[in-house]
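Chemist: I'd like to ask some things about the structure below.
Numbering (the working numbering), first residue to last: 8 to 151.
As structure tokens, then:
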């Protein structure tokens, strides 16, 4: 799940899509919570979920919370094994929505990309403005 609107992240998404990784953009401000969850659950694996641009910085945390809650529900329902979170607000929202902080830092899967281990789920996280265009593809491809 990508919550970052950073240009570096957008370049990484473009690179991944060109390499055949599915991508959908969710219009979080204008989509009901149940529809957000359904859209996330319906995606093929692997896939990238990102948010549309929005102009209300004060509402960003609320939107991250809504998206995080929908993503956590979808993760619980589909049990993907591994998820990736790009962007701090969205990552924090998903991890919070997944429940009490019982994550164990298990290492890193790339420089600057830690791997967390939760019961039944591995989670890697990456800052939005970090990495070359191919990094997101490289992080997702092992799941192919």
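Backbone N, C-alpha and C define an ideal beta-carbon position, used for all residues, glycine too.
1. Leaving out five residues before and five after residue 136 in sequence, what residues of the same chain have Cβ atoms less than 6 Å from its Cβ?
2. Please state if the CB of residue 30 and the CB of residue 47 are separated by a distance shorter than 8 Å.
3. Taking C-alpha atoms, which residue in 10, 9, 19, 8 lies nearest to residue 141?
4. Nearest-angstrom Cα distance between residue 97 and residue 32?
5. Tell me which residue opens and which closes the alpha helix (DSSP H) that residue 47 is part of.
6. Considering only the beta carbon of each residue, do residue 58 and residue 74 sit closer than 8 Å?
7. In whole angstroms, what is the alpha-carbon distance linking residue 78 and residue 102?
8. Whole angstroms are fine: how far does the CA of residue 121 sit from the CA of residue 43?
9. Are the Cβ atoms of residue 146 and residue 117 separated by less than 8 Å?
10. Mind checking whether residue 82 and residue 133 have CB atoms under 8 Å apart?
11. Give me the Cα-Cα distance between residue 22 and residue 28, rounded to the nearest whole angstrom.
Modeler: This is what the structure holds:
1. 13, 15
2. no
3. 19
4. 14 Å
5. 40-49
6. yes
7. One alpha carbon belongs to residue 78, the other to residue 102, and they sit about 10 Å apart.
8. 27 Å
9. yes
10. Residue 82 places its beta carbon 8 Å or farther from that of residue 133.
11. 9 Å
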